[in-house]
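Number of protein chains: 2
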Amino acid sequence: MPSPPPDWVKALKPAEPHGSQLLQQERAQSNVAVDRLGELLHTKEALDRQQHILSILQAEEVFDKSQNHTLGRTERIQRSLAKGKRLQQLSVQHNWSQEEYHAANELLAEPTPYGLHATMFLVTLREQGTPEQHKLFLERAQNYQILGCYAQTELGHGSNVRGLETTATWNPEDKTFTINSPTLTASKWWIGSLGRTANHAVVMAQLYIQGKNYGPHPFVVQIRDLETHQPLENVYVGDIGPKFGYNTMDNGFLLFNRVKIPHVNMLARFSRIDKETNQYMRPASPSLIYGTLTWVRSNIVLQSGGVLARGVTIATRYCAVRQQFQDRDATGNVGENQVLNYKMVQIRLLPLLASMYALHFTGRGMMRLYQENQNRMKAAAQAAQEKRGAGPEELRAGADLLADLHATSCGLKALASTTAGEGLEVCRRACGGHGYSSYSGIGPWYSDYLPTLTWEGDNYMLTQQVARYLLKSARAVLAGKGTNNDTSQILQAYLARRDMGASFDILGNDADIVAAFAWRTAHLTFEALKHRDVEKRSWNSLLVDFWRLSTAHSQYLVVKNFYEAVTSPEVTGALDAETAGVLHKLFRLYALHTLEREASEFFSSSAVTVRQIGLTQNNAVMKLLDEIRPHAVRLVDSWQIPDWQLDSSLGKYDGDVYPDLFRRASQNPVNDLVFDPYPWNAAVLKNGPKSKL
Amino acid sequence: MPSPPPDWVKALKPAEPHGSQLLQQERAQSNVAVDRLGELLHTKEALDRQQHILSILQAEEVFDKSQNHTLGRTERIQRSLAKGKRLQQLSVQHNWSQEEYHAANELLAEPTPYGLHATMFLVTLREQGTPEQHKLFLERAQNYQILGCYAQTELGHGSNVRGLETTATWNPEDKTFTINSPTLTASKWWIGSLGRTANHAVVMAQLYIQGKNYGPHPFVVQIRDLETHQPLENVYVGDIGPKFGYNTMDNGFLLFNRVKIPHVNMLARFSRIDKETNQYMRPASPSLIYGTLTWVRSNIVLQSGGVLARGVTIATRYCAVRQQFQDRDATGNVGENQVLNYKMVQIRLLPLLASMYALHFTGRGMMRLYQENQNRMKAAAQAAQEKRGAGPEELRAGADLLADLHATSCGLKALASTTAGEGLEVCRRACGGHGYSSYSGIGPWYSDYLPTLTWEGDNYMLTQQVARYLLKSARAVLAGKGTNNDTSQILQAYLARRDMGASFDILGNDADIVAAFAWRTAHLTFEALKHRDVEKRSWNSLLVDFWRLSTAHSQYLVVKNFYEAVTSPEVTGALDAETAGVLHKLFRLYALHTLEREASEFFSSSAVTVRQIGLTQNNAVMKLLDEIRPHAVRLVDSWQIPDWQLDSSLGKYDGDVYPDLFRRASQNPVNDLVFDPYPWNAAVLKNGPKSKL
């Protein structure tokens with residue numbers, strides 16, 4: 001520990017007004033109901049749970065965060081494993097629920113080497129294993145008697161799962177599979193928890209039966225000894241090295257040299273090989289797997305609001321504490337202005353504040369639709385099984401909704417994670433120079449979040465799926481075969497009014513804002529359809545149009561979900577009129593700011609006029625910034641992210657920014673070092689290094 | 001070192017086609033003259049120098065880069081100091097010129113703790129010191145007998161230099177200054193080379209003489225003992241801790257408790273205190289200081305092209321090596337497509353490829369203008385001194401051009417560093433999952449570059465200076481007092497044609513593209529002027545408009561400079577027609593892609609029609625992507641960045657991407673660790689942790 005500051009330093013205070021005074025002032029000038037809003041966002045139960053778990057974690061030294069940013073990777077990953085172990089011990093000791101264990105990980109806010117074991121390995125075993133396999137693998141995995149990972153991506157293949165090179169060849173003679181890596185690029189790569197931790201892996205490999213390829217399937221393969229933890233023979237496994245973030249996780253590589261595994265190690269809930277006939281048995285219900293991906297992506301949408309909220313909370317509080325320059329039009333010496341008062345700061349931060357709410361409500365909407373549909377499909381499947389009549393039609397309706405949900409989740413995953421990831425960087429820069437310090441708490445969080453833009457479908461790749469779905473829907477609508485879902489409806493509404501034009505009243509009528517977003521999506525859809533079906537343009541030449549289309553559609557969905565939320569009885573009933581009114585303004589800011597940024601598409605689709613855009617930009621958006629500004633600090637307070645989770649000097653709840661930055665800086669271990677700063681020895685130094693050495 | 005791969009792993013090759021084959025193919029399909037173009041960009045002399053210095057650095061183990069990303073901060077900064085020392089020794093040993101020393105640092109591509117000593121400390125002493133002070137400080141500093149830094153920014157003040165809190169009070173009785181930090185927020189902060197290295201600092205402090213404040217001035221203050229390197233009494237100094245990047249630099253803090261320094265320690269070239277009368281003597285020529293900042297910013301513009309080029313080189317080569325999915329319209333099994341063939345990748349990378357050239361030529365243009373003006377002003381000043389007549393008018397013309405250059409450099413610094421910084425992140429993501437690995441070489445470089453968006457004027461703050469200048473120019477033009485510089489000319493041209501409209505032929509005539517950018521700038525300038533002068537809107541309410549205006553103006557300047565470069569005899573004369581033709585296409589891509597992205601401003605200023613934008617988007621830009629695509633690899637090769645500098649598996653010149661990633665991964669030190677992966681001891685493990693512990 002570096003030497004403590006002398007007394008004359010300890011006696012120094014920051015210049016007045018102090019951050020604590022400024023934040024008190026901020027909180028006094030708004031009546032936004034922080035607690036009620038927090039409960040609406042997270043439920044009272046979840047907030048209580050967070051508080052309870054927080055008190056447990058803070059009492060344990062192993063979870064200390066103070067050295068996170070200075071240690072090298074080998075030390076960090078070892079500490080992180082210790083944290084993961086302790087979390088697991090606490091989980092058993094306190095009999096934590098899934099929600100409690102999840103809350104603990106959220107508060108820790110650092111991936112541990114158990115991360116992929118606790119999620120993908122367990123989930124895959126549970127969802128794709130048979131009861132026999134649950135007994136053999138899942139139970140031991142749940143007890144941390146075996147540790148696993150999910151090995152899909154390879155050195156040469158990420159997005160294109162069908163291109164994976166690892167093979168699993170069925171050996172009819174001894175009823176085994178041979179797992180093999182035929183090339184270097186077949187090496188599994190990026191696999192979380194694999195590098196140093198896992199002793200088992202679910203390996204996705206091309207299944208070959210008698211020379212025929214049946215595509216990628218999941219196999220459980222033991223890779224390390226359960227006692228020595230050394231790699232088994234013909235397995236080459238290790239950590240893939242340092243990354244832009246996620247350095248507390250042992251993402252790994254894995255190669256096999258003709259490793260044999262028994263028949264039972266192919267996860268067989270959906271497809272399997274009949275041991276007697278050596279026949280491949282078809283997947284039972286591919287739509288269920290489809291459903292899982294939809295769930296995973298919807299979850300990313302839901303989380304993106306909270307991810308962004310960390311950055312916005314930090315930046316908003318700090319911009320209320322930081323003062324810089326006097327207002328240029330002020331007369332006399334009025335002191336420096338809070339940075340948050342500058343319009344150039346507001347235009348960067350407040351739309352992100354609106355976005356975090358917008359994404360949260362959109363994610364909730366998605367999850368609700370998903371659950372409803374799952375329930376409906378289960379009921380229909382059961383009805384069909386019991387031959388109670390109307391099953392098939394309901395199943396079809398369910399499948400239609402699921403296809404819509406699938407496309408929706410692809411586009412929204414891309415938009416939401418891009419918004420959150422890029423938004424965090426905007427927040428970091430809005431903090432000025434201090435945003436660059438690790439003590440801002442934004443940089444490390446941003447670095448750890450960025451993979452979300454690539455995994456579960458690269459954000460650019462995903463937009464093709466949205467476009468494909470919209471084109472298909474448009475073809476159906478044109479053929480008079482549109483269904484009853486929202487996508488069909490907006491396409492039909494556009495066709496019905498296309499010739500007479502839109503004339504939406506975006507500045508006077510909020511429902512018209514939603515309609516304008518729908519109109520733009522429909523317009524771009526029929527444009528893209530014309531390029532593809534009439535002009536016969538190549539798929540590749542349309543990728544940029546498809547990306548624009550997907551973005552437009554997803555923005556429409558966010559605007560629609562946000563509008564429905566702020567006008568719903570669930571929200572307006574739970575809040576006083578003032579708080580509900582501020583939320584409504586956030587909706588308008590999100591929608592109009594987005595509209596303004598994408599103005600050229602709104603023009604060219606004739607959804608709005610050039611004059612409307614001018615008014616939006618110069619009047620409506622600027623007025624909303626003025627109106628929301630006084631509530632900014634309370635709006636981030638409502639998210640109720642504990643200081644311990646934020647781990648930020650700039651974003652401290654009490655506003656005591658500068659003393660905290662100073663305390664952390666003076667304690668940082670680089671201050672233990674004493675440099676010999678000279679490039680020369682004493683003799684050279686004395687005479688000056690004029691002669692060549 | 002982790003255990004080496006077994007023989008069966010060593011025998012593995014990547015899947016065909018190998019990266020080396022694909023890059024050979026790329027280079028074979030284009031005739032772009034890599035060497036000629038490289039010489040045009042950098043000069044043959046500079047390329048030879050780079051090669052020469054590279055061979056020296058590569059031979060020294062101290063410069064090994066392989067552990068850069070895994071070590072903790074304390075170890076990294078110590079190693080970096082060792083590198084800095086060795087560079088200094090080599091510099092003396094080989095009698096390096098400034099250019100050679102600079103080239104060595106560029107190749108090392110890592111800030112060392114000597115960084116701010118070697119630049120800002122020496123520059124400030126040289127430019128702001130008197131001959132007596134040069135003898136006292138500069139000579140020893142140049143010989144590394146004393147080590148210094150430039151201490152301006154404080155914990156509570158970055159952008160607003162006038163708000164600095166550190167004081168320097170003149171004591172007439174003993175002819176000394178007292179340097180003092182009255183508050184905690186007065187602590188110097190972010191000061192490079194201060195934390196552990198410097199024993200001297202140039203401290204910017206508010207000068208007080210007999211109770212009157214004369215604003216910030218520079219003072220040389222010794223802060224550490226020259227032998228023990230311990231801080232002197234009443235000085236509290238240290239490192240500010242870990243950062244998003246720049247972790248090999250000891251950015252520091254510094255507090256003074258009434259430290260006395262002699263009269264000679266106030267740098268006195270421009271202003272000073274008369275020791276006898278205790279009178280403050282006014283600055284001699286503020287415009288010279290003005291000039292230095294302009295030079296620094298122009299340099300950032302010039303370097304931004306090269307900064308971006310590193311990312312574009314890596315991403316372009318890797319996207320030519322990486323293959324993913326078959327083309328959707330392809331029939332039969334044609335194999336996977338190079339990622340670079342996808343339009344969604346091209347639209348992200350190729351405009352950045354164009355940008356790196358555009359920024360480079362713009363920076364060169366700026367530097368040339370700056371030099372010309374410096375020479376002219378020096379001549380005029382000399383003429384004035386010798387009373388040879390026309391001095392004053394020439395000085396006024398020079399000052400007018402300098403004001404233009406100053407505003408231009410502010411806007412371009414903001415645009416160029418934002419383009420480079422954000423462009424690097426686009427390049428990183430275009431590399432897919434592997435972009436996230438530190439071995440991509442992009443992430444660490446991006447992290448180290450980001451401060452450039454904040455220092456030397458925050459990119460958002462700077463835009464106000466551009467707007468202020470444009471408003472002033474517009475007022476002069478309206479009053480019939482416009483000068484002859486380019487800014488006045490474009491404003492005048494707009495006024496002359498405003499009523500009849502623009503009707504630029506942006507798709508047929510390249511000069512018209514430049515004119516359309518000028519038109520948009522002029523339109524936005526007069527709009528902003530109306531808001532401010534006629535509607536009397538507050539400065540704060542116009543900040544967003546000003547930022548848009550500055551961006552528009554700077555984009556115009558880049559388009560103009562790039563156009564002038566690609567049509568200049570200097571370029572066309574040095575290159576064959578094909579290479580020159582490809583450069584010209586890069587100009588068109590940069591300009592039309594920018595125009596398309598900013599479409600709504602081009603519409604609303606009536607610089608172009610909606611129909612023109614549609615054609616630009618659907619035809620012109622897409623066609624340019626097709627035409628430039630075959631030359632992409634040669635266009636990045638031309639930049640001639642050595643592999644050792646790139647430090648990237650993905651961007652290797654030979655395309656041998658996957659074996660290099662694999663080699664680095666298997667050697668990374670995390671693979672030395674053996675985990676005990678279980679959270680329980682053996683007894684619990686055997687029975688399963690079902691009971692509470």
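Protein sequence lines, in the order shown, are assigned to chains D and W.
Those letters in the first sequence? Residues 1 to 693, per UniProt numbering, in order.
Those letters in the second sequence? Residues 1 to 693, per UniProt numbering, in order.
By construction, the Cβ of each residue, glycine as well, lies at the ideal position given by its N, Cα and C atoms.
Expressed to the nearest angstrom, what Euclidean distance is found between the alpha-carbon atoms of W/L184 and W/G655? One C-alpha to the other measures close to 53 Å.
Just the C-alpha distance for D/S20 and W/L164, rounded to the nearest angstrom, thanks. Rounded to whole angstroms, D/S20 to W/L164 spans 21 Å at the Cα level.
If the cut is a Cβ gap below 7 Å, which residues of chain W does D/Y469 touch? Neighbours of D/Y469 in chain W, taken as residues at a C-beta separation under 7 Å, are lacking, since the least C-beta distance is about 15 Å.
Is D/V312 close to chain B, meaning its C-beta is less than 8 Å from at least one C-beta of that chain? No chain B appears in this structure, whose protein chains are D and W.
Looking at the ligand GTP, does it come within less than 7 Å of D/D676, judged from the CB to the closest heavy atom? For the structure depicted, the ligand GTP is absent and the ligand set is empty, with no information on it obtainable.
Use the C-beta contact count for W/M281: other C-beta atoms within 10 angstroms, 16 or more gives buried, fewer gives exposed. Its Cβ having fewer than 16 others within 10 Å, W/M281 is exposed.
For W/S437, three-class secondary structure by DSSP: Reduced to three states, the DSSP call for W/S437 is strand.
How many whole angstroms separate the CB atoms of W/M356 and W/V296, which I take to be in contact at a CB cut-off of 8 Å? Actually they do not touch by this definition, with Cβ atoms about 21 Å apart.
Does the Cβ-Cβ distance between D/Y208 and D/T176 come in under 8 Å? Between D/Y208 and D/T176, the CB-CB gap reaches or exceeds 8 Å.
So, are the CB atoms of W/H229 and W/N199 less than 8 Å apart? In contact: W/H229 and W/N199 (Cβ atoms closer than 8 Å).
Please report the residue range of the alpha helix (DSSP H) in which W/L339 lies. Just to set this straight, residue 339 of chain W is Val in the shown sequence, not Leu. It is not in any alpha helix (DSSP H) - W/V339 carries neither H nor E in the DSSP assignment.
Separation of W/T74 from W/A82, as counted between CA atoms: Roughly 13 Å between the two C-alpha positions.
Quick one: list the residues of chain D neighbouring W/W8, beta-carbon separation under 7 Å, in chain order. Ordered by position in chain D, the residues that pass the 7 Å Cβ test against W/W8 are N257.
With DSSP collapsed to three states, give me the class of D/M281. For D/M281, the three-state secondary structure derived from DSSP is strand.
Alpha carbon to alpha carbon, what distance is there between D/D643 and D/L575? When rounded, the distance between both Cα atoms is 25 Å.
According to DSSP, is W/Q382 part of a helix, a strand, or is it coil? Helix at W/Q382.
Runs of alpha helix (DSSP H) wholly within the stretch 582-652 of chain W (minimum 4 residues, chain order): Listed in chain order, they are 599-604, 610-615, 621-628, 632-637 and 643-646.
For a contact meaning CB atoms closer than 8 Å, what does D/E165 contact in chain W? Identification of chain W residues near D/E165 by a Cβ-Cβ cut-off of 8 Å yields A15, ordered along the chain.
Report yes if the CB atom of D/M249 is closer than 8 Å to the CB atom of D/P113, and no otherwise. Taking 8 Å as the Cβ cut-off, D/M249 and D/P113 qualify as a contacting pair.
When we look at the beta-carbon of D/A15 and count the other beta-carbons within 10 Å, is it buried (16 or more) or exposed? It counts as buried.
Closer than 7 Å at the beta carbon, the chain W residues around D/M622: Against chain W, a Cβ distance below 7 Å from D/M622 picks out S541.
Buried or exposed by the 16-neighbour rule on C-beta atoms within 10 Å, applied to W/Y678: By the neighbour-count definition (other C-beta atoms within 10 Å, threshold 16), W/Y678 is a buried residue.
Among residues of its own chain, excluding the 5 on either side of W/F325, which ones have a beta-carbon nearer than 8 Å to its beta-carbon? Excluding positions up to five away in sequence, the list reads E336 and N337.
Sorted by chain position, which residues of the same chain lie with C-beta nearer than 6 Å to D/A390's C-beta, five sequence neighbours on each side aside? Residue confidence for D/A390 is low, a pLDDT of 49 falling below 50, so the modelled location carries little weight; the figure read from the coordinates is stated next. Shown here for D/A390: not one same chain residue has a beta carbon closer than 6 Å to its own, the five before and five after excluded.
Are the beta-carbon atoms belonging to D/A474 and D/L529 less than 8 Å from one another? Their beta carbons are under 8 Å apart, which means D/A474 touches D/L529 by this criterion.
Starting from D/F253, find everything on chain W with Cβ-Cβ shorter than 7 Å and list it in chain order. Result: A665.
Would you mind telling me which residues of chain W sit closer than 8 Å to D/E336, beta carbon to beta carbon, in chain order? Under a criterion of Cβ atoms nearer than 8 Å, the residues of chain W adjacent to D/E336 are, in order, N160 and G163.
Using the beta-carbon of each residue, which ones in chain W are nearer than 7 Å to D/L685? Here the neighbours are Q145.
Looking only at its own chain, which residues have a Cβ that is under 6 Å from the Cβ of D/F504, when we skip the five neighbours before and after it? Only residues of its own chain outside the window of five on either side were considered, and among them D512, A515 and A516 have a CB closer than 6 Å to the CB of D/F504, listed in chain order.
Please report the distance separating the alpha-carbon of W/Q145 from that of D/L308. Rounded to whole angstroms, the separation of the alpha carbons of D/L308 and W/Q145 is 49 Å.
Can you pull the chain W neighbours of D/I77, defined as C-beta to C-beta under 8 Å? Correct list: V670 and L673.
Report yes if the C-beta distance between W/H593 and W/V621 is below 8 Å; otherwise report no. Judged by their CB atoms, W/H593 and W/V621 are nearer to each other than the 8 Å cut-off.
Would you say W/F244 lies against chain D (beta-carbon separation less than 8 Å)? Taking Cβ atoms only, chain D reaches closer than 8 Å to W/F244, which makes this a yes.
C-beta neighbour in chain W for D/V610, strict 8 Å: When Cβ-Cβ separations below 8 Å define contact, D/V610 makes contact with chain W.
At a Cβ threshold of 8 Å, is D/L402 touching chain W? No, D/L402 lies away from the interface with chain W (no Cβ there is under 8 Å from its Cβ).
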